[in-house]
Amino acid sequence: MKVLLLYPEFPDTFWSFKHALKFVRKRASLPPLGLLTVAAMLPSAWEKRLVDLNVRTLRERDLAWADLIFISGMIAQRASVRALIARCRAAGKTIVAGGPLFTSEHAQFPGVDHFVLNEAEITLPAFLRDLEAGCPKSHYATAAFPDVHDTPVPRWELAELCCYASMSIQFSRGCPFDCEFCDVTAKFGHRSRTKGAEQIIAELDGLVARGWRGQVFFVDDNFIGNKRVLRTELLPALTAWQARQRHRLTFFTEASINLADDEPLMQAMVAAGFDAVFIGIETPDEAALLECNKRQNQGRDLVADIKRLQRAGLQVQGGFIVGFDTDTPSIFRRQLEFIQKSGIVTAMVGLLNALPDTRLYARLQREGRLTGDSTGNNVDGTTNFIPRMDVQALRDGYRRLMETIYAPGPYYQRVRTFLREYKQPKLHFSFNPALWMAFVRSAVRLGLIGRERFHYWRLLIWTFFRRPALLQTAVTLAIYGHHFRKCCAALEA
Numbered sequence: 199m200k201v202l203l204l205y206p207e208f209p210d211t212f213w214s215f216k217h218a219l220k221f222v223r224k225r226a227s228l229p230p231l232g233l234l235t236v237a238a239m240l241p242s243a244w245e246k247r248l249v250d251l252n253v254r255t256l257r258e259r260d261l262a263w264a265d266l267i268f269i270s271g272m273i274a275q276r277a278s279v280r281a282l283i284a285r286c287r288a289a290g291k292t293i294v295a296g297g298p299l300f301t302s303e304h305a306q307f308p309g310v311d312h313f314v315l316n317e318a319e320i321t322l323p324a325f326l327r328d329l330e331a332g333c334p335k336s337h338y339a340t341a342a343f344p345d346v347h348d349t350p351v352p353r354w355e356l357a358e359l360c361c362y363a364s365m366s367i368q369f370s371r372g373c374p375f376d377c378e379f380c381d382v383t384a385k386f387g388h389r390s391r392t393k394g395a396e397q398i399i400a401e402l403d404g405l406v407a408r409g410w411r412g413q414v415f416f417v418d419d420n421f422i423g424n425k426r427v428l429r430t431e432l433l434p435a436l437t438a439w440q441a442r443q444r445h446r447l448t449f450f451t452e453a454s455i456n457l458a459d460d461e462p463l464m465q466a467m468v469a470a471g472f473d474a475v476f477i478g479i480e481t482p483d484e485a486a487l488l489e490c491n492k493r494q495n496q497g498r499d500l501v502a503d504i505k506r507l508q509r510a511g512l513q514v515q516g517g518f519i520v521g522f523d524t525d526t527p528s529i530f531r532r533q534l535e536f537i538q539k540s541g542i543v544t545a546m547v548g549l550l551n552a553l554p555d556t557r558l559y560a561r562l563q564r565e566g567r568l569t570g571d572s573t574g575n576n577v578d579g580t581t582n583f584i585p586r587m588d589v590q591a592l593r594d595g596y597r598r599l600m601e602t603i604y605a606p607g608p609y610y611q612r613v614r615t616f617l618r619e620y621k622q623p624k625l626h627f628s629f630n631p632a633l634w635m636a637f638v639r640s641a642v643r644l645g646l647i648g649r650e651r652f653h654y655w656r657l658l659i660w661t662f663f664r665r666p667a668l669l670q671t672a673v674t675l676a677i678y679g680h681h682f683r684k685c686c687a688a689l690e691a
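Convert by adding 198 to the 1-based position in the sequence shown; the result is the number in our numbering.
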């Protein structure tokens with residue numbers, strides 16, 4: 199059996215970093231971890247190929263080679279998924295589909311022959327047994343959650359690692375919290391299921407063996423969901439592994455804000471190689487936090503929490519939302535003030551959307567307020583329900599907020615606010631020609647012809663004299679700002 203694993207193209211989104219990737223000559227931010235893991239679950243005798251459309255085009259000879267097509271995707275990839283399915287159908291291929299998009303919306307894709315939904319550790323073996331028996335069903339699903347100790351090491355050799363800016367691995371699934379707008383617990387449950395430390399080390403060993411020396415993203419929705427296992431097993435193993443490496447890797451991940459309450463855990467993460475963490479801040483408004491059941495953020499001094507994380511050596515990337523039912527037009531000013539004061543440079547602000555399988559979706563459906571499907575693009579200025587605030591006021595306020603926080607003046611000011619607080623982790627880096635060339639390209643694109651050139655050079659001069667060890671970080675954030683401004687420019691007027 200010859201299996202072609204297809205990963206659809208992402209549109210130009212906040213997290214695609216498409217405009218920033220040009221500076222480091224990379225084609226995509228992250229590889230398709232789900233497909234690479236599924237590939238490891240397929241029979242070893244099968245031939246396997248991966249085509250990530252974010253890295254290269256799908257050729258006719260790729261389709262002609264394949265006996266079976268596997269497609270995975272997320273909501274933001276919906277348009278590319280439809281085009282892929284149509285092309286594979288025209289080529290007469292049998293299509294197997296799974297992943298978050300299909301688990302939520304499989305009824306919208308009649309062109310798929312077999313759906314393997316939910317977590318593949320349970321549903322994929324059932325499909326493979328039926329396929330071997332000659333009687334595969336159209337639909338495989340489960341409400342059970344697998345033990346991820348059985349999850350194999352991804353097939354890294356199928357991916358062109360040199361085309362990616364970062365690698366991705368997964369330690370845990372699930373989250374102990376229950377935010378109304380989030381679909382993580384619906385898909386993966388409230389209990390944080392973790393891999394063994396030896397599994398993670400094996401995955402990292404596989405990446406290093408293939409020459410990887412860059413960043414690694416732990417894609418967990420809440421990395422600290424099981425603090426006990428993290429503290430006693432994984433982090434000590436990672437720290438010891440890093441000590442054995444000639445080139446230490448840097449890690450980043452996602453976590454809840456209560457990480458800021460645990461100084462020893464923050465220190466252990468930094469010692470293991472973590473230098474950044476994404477946190478869902480959502481809003482400084484207590485009423486909105488109560489509305490969406492973001493209880494872990496309620497009653498806190500969120501700015502102080504962020505500063506503690508930064509001073510520990512963790513750059514905080516933040517998620518923010520406007521459009522809650524309790525929001526008034528003052529929310530745009532309040533979000534702006536909070537973001538600037540906190541020094542969260544990478545601030546993803548989106549309009550609230552109702553994702554399938556969430557409690558928010560069910561509530562809005564009961565209230566008759568849904569207007570369609572979410573695009574899955576966090577910063578395209580759209581929403582899929584009727585808000586309480588006047589919809590035009592919401593869109594206009596959102597657009598002004600985005601234009602302001604990513605305008606050169608406020609953005610570079612925020613970078614300096616962050617750099618004043620940030621404690622650089624004690625990591626050892628060798629000379630990297632790619633990063634040096636990224637600086638040269640940024641000096642030309644941003645420092646000579648960009649409208650932010652004054653701010654760019656002022657930041658670099660300030661960093662050189664005040665925080666010289668963070669020059670690389672300053673250049674990286676300047677490049678990120680270029681990408682974010684491009685995203686903002688694409689917002690509908």
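Cβ atoms here follow ideal geometry from the backbone N, Cα and C, with glycine treated the same way.
**Prompt:** How about Glu207 and Gln275: do their beta carbons lie closer than 8 Å?
**Reply:** yes
**Request:** Going by DSSP, name the residue or residues bridged to Ser370.
**Result:** Thr392
**Message:** Rounded to whole angstroms, what is the Cα-Cα separation between Ala510 and Asn456?
**Reply:** 14 Å
**Asked** Taking buried to mean at least 16 other C-beta atoms within 10 Å of its own C-beta, is Pro298 buried or exposed?
**Response** buried
**Message:** Given this structure, state the Cα-to-Cα distance separating Arg371 from Asp418, to the nearest angstrom.
**Reply:** 6 Å
**Asked** So which of Ile269, Thr255, Ile273 and Leu658 has the shortest CA-CA distance to Thr211?
**Response** Ile273
**Message:** Under 8 Å: do the stretch 640–656 and the stretch 669–689 share three or more Cβ pairs, one atom per stretch?
**Reply:** yes
**Asked** Of the residues Asp473, Glu601 and Met239, which one's Cα is nearest the Cα of Phe710?
**Response** The requested residue 710 is not part of the displayed model; the chain covers only 199 to 691.
**Request:** Measure the CB-CB distance between Phe518 and Thr556 and report whether it falls below 8 Å.
**Result:** no
**Asked** CA-CA distance, Gly423 and Arg649?
**Response** 43 Å
**Asked** Pick from Gly478, Gly309, Phe313 and Met600: whose alpha carbon is nearest that of Leu534?
**Response** Met600
**Buried versus exposed, by CB contacts within 10 Å (16 or more), Gln368** = buried
**Request:** Report yes if the CB atom of Ile479 is closer than 8 Å to the CB atom of Leu447, and no otherwise.
**Result:** no
**Message:** The alpha helix (DSSP H) that contains Ile269, what's its start and end?
**Reply:** Here Ile269 belongs to no alpha helix (DSSP H); instead the beta strand (DSSP E) covers Leu266 to Ser270.
**Environment of Gly579 [buried if 16+ CB atoms lie within 10 Å]** = buried
**Prompt:** Which partner residues does Val547 have in the DSSP bridge list?
**Reply:** Phe518
**Any beta strand (DSSP E) of 3 or more consecutive residues that is wholly inside the stretch 535–586** = 545–549
**Prompt:** How about Thr392 and Val427: do their beta carbons lie closer than 8 Å?
**Reply:** yes
**Where the beta strand (DSSP E) through Gly290 begins and ends** = Gly290 -> no beta strand (DSSP E), and no H or E assigned at all.
**Item:** Rounded C-alpha distance that separates Trp660 from Val673
**Value:** 12 Å
**Message:** For the pair the stretch 253–265 and the stretch 199–206, tell me if three or more CB-CB distances fall below 8 Å.
**Reply:** yes
**Item:** Met365 - DSSP class collapsed to helix/strand/coil
**Value:** strand
**Asked** Under the three-state reduction of DSSP, which class applies to Leu240: helix, strand or coil?
**Response** coil
**Message:** Using the three-state DSSP reduction, which class does Asp328 fall into: helix, strand or coil?
**Reply:** helix
**Item:** Cβ-based neighbour list, Ala545, same chain, cut-off 7 Å, excluding 5 preceding and 5 following
**Value:** Gly516, Phe518, Ile537 and Ile603
**Item:** Host alpha helix (DSSP H) of Glu245 (start-end)
**Value:** It is not in any alpha helix (DSSP H) - Glu245 instead sits in the beta strand (DSSP E) that spans Glu245 to Asp250.
**Request:** Determine, using beta carbons only, whether Pro374 comes closer than 8 Å to chain B.
**Result:** Looking at the structure shown, chain B is missing, and only one protein chain is on hand.
**Message:** How far does the beta strand (DSSP E) with Ala453 in it extend, from its first residue to its last?
**Reply:** Thr448 to Ala453
**Request:** Could you check if Leu646 is buried or exposed, using at least 16 other CB atoms within 10 Å of its CB as the buried criterion?
**Result:** exposed
**Asked** Mind checking Asn495: buried by the 16 CB within 10 Å criterion, or exposed?
**Response** buried
**Asked** Unbroken alpha helix (DSSP H) runs of length 4 or more, entirely within the stretch 466–513: which are they?
**Response** 484–489 and 500–510
**Message:** Under DSSP, the beta strand (DSSP E) around Val222 begins and ends at which residues?
**Reply:** First-last for Val222: undefined, no H or E at that position.
**Prompt:** Which one of Trp354, Pro352 and Leu204 has the shortest CA to CA distance from Ile283?
**Reply:** Leu204
**Asked** From which residue to which residue does the beta strand (DSSP E) around Val638 run?
**Response** Looking at the DSSP string, Val638 is not in any beta strand (DSSP E); the run it does join, the alpha helix (DSSP H), is Pro631 to Arg643.
**Prompt:** Can Ser336 and Gly412 be called in contact, C-beta distance under 8 Å?
**Reply:** no
**Prompt:** Between the C-alpha atoms of Ile529 and Leu562, what's the straight-line distance to the nearest angstrom?
**Reply:** 21 Å
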